[in-house]
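Taken in sequence, the protein lines are chains S and A.
If you're matching positions, the first sequence starts at 1 in our numbering and goes up one per residue.
If you're matching positions, the second sequence starts at 1001 in our numbering and goes up one per residue.
Just so it is clear, CB atoms sit at the ideal spot from N, CA and C, and this is done for glycine as well.
These figures come from a predicted structure and were not determined experimentally.
What follows is a single structure, written as structure tokens, with notes after it.
Protein chains: 2
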Amino acid sequence: MAAMTKAGTTGPDVAMSQQRIAIERVTPCVEGGRFPAKDVVGAQVTVEADIFCDGHDVLRAAVVFRHHDVNTWQEAPMSHFDNDRWRGFLSLSRMGLHEFYILAWRDLYASWRHGLEKKKVANQTITSELLEGRDMVIEALQKHQKTAALVKTIGEASGDEALDRLLCSEETASAMASYADRANLSTSNHPGPGFPLLALRHKARFGSWYEMFPRSQSGDGQRHGTFDDVIGRLPAIQEMGFDVLYFPPIHPIGHTNRKGKNNSLKAEPGDVGSVYAIGDETGGHTAIHPELGTLDDFRRLVKVAERHGLEIALDFAIQCSLDHPWIKEHPQWFRWRPDGSIHYAENPPKRYEDIVNVEFYGKAFPDSWIALCDVVRFWIDQGVRIFRVDNPHTKPLPFWEWMLREIHDYRPDVFFLSEAFTRPKMMYRLAKVGFEQSYTYFIWRNTKEEITSYLQELAYGPPREFFGPNFFVNTPDINPFFLQNGGRPAFLIRLALAGLLCGSWGMYNGFELCEATPLPGREEYLDSEKYQLKAWDYDRPGHIKEEIAAINRIRLENKALWDHRGVVFYNIWDPNLLSFGRWSADRENMLLVFVNLDPHQGHGAHFEVPLWEWGLADHEAVAVEDLCEQHRFIWQGKVQYMWIEPAPLPYRIYRLTPRLDKGG
Amino acid sequence: MAAMTKAGTTGPDVAMSQQRIAIERVTPCVEGGRFPAKDVVGAQVTVEADIFCDGHDVLRAAVVFRHHDVNTWQEAPMSHFDNDRWRGFLSLSRMGLHEFYILAWRDLYASWRHGLEKKKVANQTITSELLEGRDMVIEALQKHQKTAALVKTIGEASGDEALDRLLCSEETASAMASYADRANLSTSNHPGPGFPLLALRHKARFGSWYEMFPRSQSGDGQRHGTFDDVIGRLPAIQEMGFDVLYFPPIHPIGHTNRKGKNNSLKAEPGDVGSVYAIGDETGGHTAIHPELGTLDDFRRLVKVAERHGLEIALDFAIQCSLDHPWIKEHPQWFRWRPDGSIHYAENPPKRYEDIVNVEFYGKAFPDSWIALCDVVRFWIDQGVRIFRVDNPHTKPLPFWEWMLREIHDYRPDVFFLSEAFTRPKMMYRLAKVGFEQSYTYFIWRNTKEEITSYLQELAYGPPREFFGPNFFVNTPDINPFFLQNGGRPAFLIRLALAGLLCGSWGMYNGFELCEATPLPGREEYLDSEKYQLKAWDYDRPGHIKEEIAAINRIRLENKALWDHRGVVFYNIWDPNLLSFGRWSADRENMLLVFVNLDPHQGHGAHFEVPLWEWGLADHEAVAVEDLCEQHRFIWQGKVQYMWIEPAPLPYRIYRLTPRLDKGG
């Protein structure tokens, strides 16, 4: 087709010339399609794009998609909704990687009818238009067996009125929609592949995590806990409504340079060491600390936990104690000093003398990558499906991208939580390369402005497409000042914010007991379980176990709470009071939550009932169900008043429905 | 490298594993690199990216670029400036397409020194570190001839102090920067091509356009104007400071269904017809209307105009009168009706019976594309370098993308102005596919809020990278209500806004005479020159020719005005008053402009002198030069007061400099 005139112009490329319709700004899309967007199985994903073309013809568009291991594509129509923006929906019915792209074309038949109608309204002659329409329809349909009768009828028709009736009939319209060629068919991905979209299991976005150290579950600070002790704890954890039980590392712990209590450099006799100094002569990342039990005990624990509705999540921490078997077996996976000693971990001038880092490049590549991947496979084979990854931001991004893909190919129901309390771009990049869940900055977001702007970023900014926040209220590493200073109401405030703002939330044990004794002046716990055994009195007075159970129950019963993305902040005219709505994607389930962010005193203010969300006028009413107090009433009128004391409950949770006949 | 363990894990791809450093959000970038970003020759383009890596090592980055027809790449260093964002600069020294990409790597030597310094400060032993450093330096440098002596000296050194001095010397640092391998060298474009960047000629972004109909330049409404009449007008146009002279179509005009005065459907005898009904029996798009003169006359006009500092811009309007030669020569380029008559242009129920559209697909493809491209080439060969394109949004986008590339390959100094007063996404897409300049919505942006938000979008939104606005104050098609209703001050307001906010601005003749007689109730001119000859009295009282000349002189003398992107809006506390700063890219030239947007009455308000822009405290001073009144003074203190009457001048233009010794 490379025609040329005497002036020397080379003709256009045919394929390029056919891309007549512009398709831009496709969402969901992460880094131009370099990484998959994510949503959960069962979700109806909204796909949008700017779609437009020269001229005034009627356009059509569709989103085309498939699971990556299926050869057949499905097609869902898109429709224009505003200013050249189009929207369609695709349903994720299976876990794993999908791909999609967008098609757009000119609908010549619809354009012809559009012009015809306008001319009829203007009382213009349409004889010529009808003949043009006849030719177009016959040309489009005559290739198809099924429309032979219709083509014959149209071909034999005469007179404007008969032709008009036939050409504009339902039958012709339907036949044209099914059989006519799509004019100037253009694709969003010309040139290039489709957009990737990952369907996650539901629990990757909706789960309630409970974290504890198995070795501290004996109830006796002098006796090392066992997996059987953990089994004894399961009913209580289930009662609080948790469904993920997460353990810091359960592996053997090194002896050399072992850390003592409160992270002291020298261990005393009897000190158990840091669980993060992984490995001793008896085994490394695939071994179990002998005092916890055997691998059989662990597998039994996994099964019993499952009967209590609890999935076990393990810690994946890539570092070794100085006694880890890999150091002798694979010296090329570690750094050595000129004097022949091993190079322990450091962040100058800080030194971590009880651990060494694994190398990823040089002589370690690719064997250390493969070995680490095989560690994860090993635990998958023991029944584990959830991993929390320690400090992933200090290991190479390509390693994670590769390993997570390997694991997802192996078992698509496995998911990973990234423990990267680091700079925002790295935190987000880890989610892009494959982590389903991430710890977030939530733990340090306490004011109305901080919470609102952070949730806006997660729910409506670019992270919406790829980032799965898990709102932990505390961790063994972080004893937030807000909890240290706010007493029991502070714990309830953080509980409500975490559990009601995010699909995934978590706590480290002690939170339910309002434990916040710090290392003085630090955001850390005194006598941290990272370095010693501990005995907990799980029934000590002042606990908030009932409140936790209530929040987890409300979460389960209201699908609006299964995903952080349906949050909308509403007006309440006091900086200490937060009001937010939670909407399910189908808008059938709606909660309105109020939190007094001040743990020290009560506050009151007028607020808006978002009547407009249901198309109600400002004087109309909604039915309200108080999910904490279990009673029902009516809000009549948009502006109402609310007063909340920090105790007994610093929050209110209401389910709203516009159906008055159900309320009152 | 596809190693595998017993568990079945396949090893990672080596090339992918080496992309250890994340490089994201590269700018300038249009649609992920699908289209080129644009800037002018001579510009220093700022390239930015998010660049980060696991761990704490020192990173380096560089932007690598070349002109697309040169094989050698240039490299410019980038540096970190904020929150993992890096910045570098590349200089465009030649017109045409460039490409660039970003490299990032770990600097092992700098990381080593960084750790060493911290350990020294903490008084730790560094013997082992020095030996590691020695090994690293020797390994890096021993491959290179030029560093043989240095390697020998380092190899023979003994003792911490000597090694420390040698390894941390300027010489070693410099040798390592030059010769050491770049660890984990990562690229922004893995996989994929670099980012395209187009260098335009200066006038594509900075020009003052004057539009007129050559046939109306005889000074006698009864006599058809000629190119010689236009030549007679050149000194006056030059005196107003214009540098582009733009003509609507100058081709023969069809007879069939010719339009009469004021767009009437029937022409009277003697009516000259619409200039947009192109072509008659004597010729089409490459012919000249015989009453204007010959092709030789045209070429002579181009040359004389050049001597007056004026470049001729032609209209490229893709439609034909019913008498255009192509209709007989290439019937397959047009649509025909079943009765054998030609299908004239329509937008039902409106009909344009004096013109027919050219087809781009079907049997017309690719010949009509090539013929149209050859039309442009023809005029280029007559000396034309600037084209205004009529209604490009009604022709296929792939046609423009292809044709503009063909033309730019032929002559990179040719540029095109898109006349697409259409929906925003189409307007922007035309710029993306290759139009250097675009008409904008400026003509309908009159209030402070409208002007501010539109300029923010153009100067700081995505269009910043690809969109070249040309602020026309009126056109033969648009006689803005603001001018119809505001009198002489309204013309001065629009003059100042167009000329001082945008590098390219334009007017259609009559504007300098404050002509705004409308078709009643319409935003159109009465007795439009599109359909009839007209005689203008270019010296009639009330004209604003001196003011236009002053604005164009100030534009020439202040590089801050050569590009719309250096605009910053400052506080002035009155909604009728607009205050904006204009900064040159090197920040050496700064104007502060005030406009009273109300043509009917005076307004006054306090405003802020942006002392902070020079790091000055609120009580300090700047020297001020009034560029309209040619006097100088001092502003002492941040808050000042300003009153502006609509007459004689509704604007103030000040050049500010923090150098007090030059002012006062």
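Residue i classed as buried or exposed, judged by whether at least 16 other C-beta atoms fall within 10 angstroms
i	result
residue 1225 of chain A	buried
residue 1282 of chain A	exposed
residue 1473 of chain A	buried
residue 402 of chain S	buried
residue 1525 of chain A	buried
residue 662 of chain S	Because residue 662 of chain S carries a pLDDT of 43, less than 50, the predicted location of this residue cannot be relied on, and no value is offered for it.
residue 295 of chain S	exposed
residue 1664 of chain A	Because residue 1664 of chain A sits at a pLDDT of 39, beneath the cut-off of 50, its placement in the model cannot be relied upon, and the following sentence gives the value as read from the coordinates. Burial call: exposed.
residue 318 of chain S	buried
residue 1258 of chain A	buried
residue 624 of chain S	buried
Residue-chain proximity (residue i, chain A), Cβ-Cβ < 8 Å
i	result
residue 319 of chain S	no
residue 128 of chain S	yes
residue 83 of chain S	yes
residue 135 of chain S	yes
residue 182 of chain S	no
residue 69 of chain S	no
residue 119 of chain S	yes
Identity of the residue in the options nearest residue i by Cα
i	options	result
residue 252 of chain S	S:240, S:305, S:292 and S:646	S:292
residue 59 of chain S	S:120, S:140, S:160 and S:182	S:182
residue 1241 of chain A	A:1641, A:1640 and A:1554	A:1554
residue 1643 of chain A	A:1613, A:1598, A:1113 and A:1630	A:1598
residue 1091 of chain A	A:1082, A:1410 and A:1047	A:1047
residue 619 of chain S	S:629, S:636 and S:631	S:636
residue 573 of chain S	S:422, S:64, S:357 and S:603	S:603
residue 1052 of chain A	A:1185, A:1071 and A:1171	A:1185
residue 1064 of chain A	A:1070, A:1076 and A:1057	A:1076
residue 95 of chain S	S:67, S:113 and S:288	S:67
residue 131 of chain S	S:122, S:267, S:124 and S:154	S:154
residue 510 of chain S	S:500, S:502, S:496 and S:527	S:527
Neighbour list for residue i in chain A, Cβ cutoff strictly below 7 Å
i	result
residue 397 of chain S	1020, 1022 and 1054
residue 11 of chain S	1366, 1369 and 1370
residue 115 of chain S	1348
Chain-ordered chain S contacts of residue i [CB-CB under 8 Å]
i	result
residue 1347 of chain A	56
residue 1353 of chain A	What residue 1353 of chain A touches in chain S: nothing, since even the nearest Cβ is about 12 Å away.
Where residue i meets chain S, residues with beta-carbon distance less than 9 Å
i	result
residue 1131 of chain A	337, 338 and 339
residue 1626 of chain A	Within 9 Å Cβ-Cβ: nothing; residue 1626 of chain A doesn't reach chain S, min ~43 Å.
residue 1573 of chain A	Those within 9 Å of residue 1573 of chain A in chain S number zero; the least Cβ separation is about 26 Å.
Distance between beta carbons of residue j and residue i, contact taken as under 8 Å
i	j	result
residue 1026 of chain A	residue 1037 of chain A	So it is not a contact: roughly 10 Å between Cβ atoms.
residue 1200 of chain A	residue 1245 of chain A	With a Cβ gap of about 20 Å, residue 1200 of chain A and residue 1245 of chain A do not count as contacting.
residue 608 of chain S	residue 567 of chain S	Going by Cβ atoms, the distance from residue 608 of chain S to residue 567 of chain S rounds to 16 Å, so no, they are not a contact pair.
residue 1416 of chain A	residue 1314 of chain A	Incorrect: roughly 11 Å between the Cβ atoms, too far for contact.
residue 1443 of chain A	residue 1480 of chain A	6 Å
Within-8 Å CB hit, residue i to chain S
i	result
residue 1102 of chain A	no
residue 1657 of chain A	no
residue 1122 of chain A	yes
residue 1668 of chain A	Outside the shown range of chain A, which is 1001 to 1664, sits residue 1668 of chain A, and nothing can be said about it.
residue 1003 of chain A	Only weak support exists for where residue 1003 of chain A lies, its pLDDT of 46 falling under 50; the value from the coordinates is given anyway. Closer than 8 Å to some Cβ of chain S, the Cβ of residue 1003 of chain A qualifies, so yes.
Residues that residue i contacts on chain S, provided the C-beta gap is smaller than 7 Å
i	result
residue 1394 of chain A	54 and 55
Proximal chain A residues relative to residue i, where beta-carbon distance stays under 8 Å
i	result
residue 31 of chain S	1024
Amino acids of chain C, ordered along the chain, whose beta-carbon sits closer than 8 Å to that of residue i
i	result
residue 1390 of chain A	Absent from the structure is chain C; the protein chains it does hold are S and A.
Residue i CB to nearest heavy atom of the ligand PLP below 7 Å
i	result
residue 303 of chain S	The ligand content of the structure shown is nil, which means the ligand PLP is not present either.
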